[in-house]
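Scroll down for the structure; my scribbles are underneath it.
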Amino acid sequence: MKLIKEAEFLTRGYGRTGGKDNRRQQRARMLAFAEHCASLGAHSFGQVGRNHVISYWKVHRALSPATAYSHWLAIRELWRLAGKSGVPPEPRTARTVEPD
């Protein structure tokens, strides 16, 4: 629950500038990612890492490449707002999956 409140606090000012509809959608995606991480047992963003992002992509495999990219942009922005280094893993689409 603390993680969700932390995400709400970090993203509170995010929707104040820029395109309002897009910012609202992106903030909703950020909070959905935070809820996913909290369901996996993370209590703060210090405990969130690559494995949480990969788990999120596995749960959301059915997303179209464009929608998955939008989710990734939201997660990347949340990553930046939380002060985490690097960038989160990108979703693996049908184009990026190597054949067996």
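Going by the numbering used here, the first residue of the sequence shown is number 916, and it counts up by one from there. From the three backbone atoms N, C-alpha and C, an ideal C-beta is built for every residue, glycine too. For clarity, every value in this text was computed on a predicted model and none was experimentally measured.
Own chain residues within Cβ distance below 7 angstroms of residue i, not counting five before or after
i	result
K999	F960
V963	C952 and A957
Status (buried if at least 16 other CB within 10 Å, exposed otherwise) for residue i
i	result
I919	exposed
R976	exposed
R1017	Because the chain spans 916 through 1015 in this model, residue 1017 falls outside it and cannot be assessed.
Contact set for residue i: own chain, Cβ-Cβ below 6 angstroms, skip 5 residues either direction
i	result
L996	L925
Proximity winner among the options, relative to residue i (alpha-carbon distances)
i	options	result
A922	E950, V974 and G933	E950
Q941	Y984, P1004, P1006 and G1001	Y984
P980	M945, R1007, H958 and R931	R1007
R927	L955, R939 and T982	R939
R944	G933, K917 and T982	T982
Same chain only: Cβ atoms within 8 angstroms of residue i, ignoring 5 sequence neighbours per side
i	result
P1003	R965, V968, W987, I990, R991 and W994
Integer-rounded CB distance, given that residue j should sit under 8 angstroms from residue i
i	j	result
F948	Y971	6 angstroms
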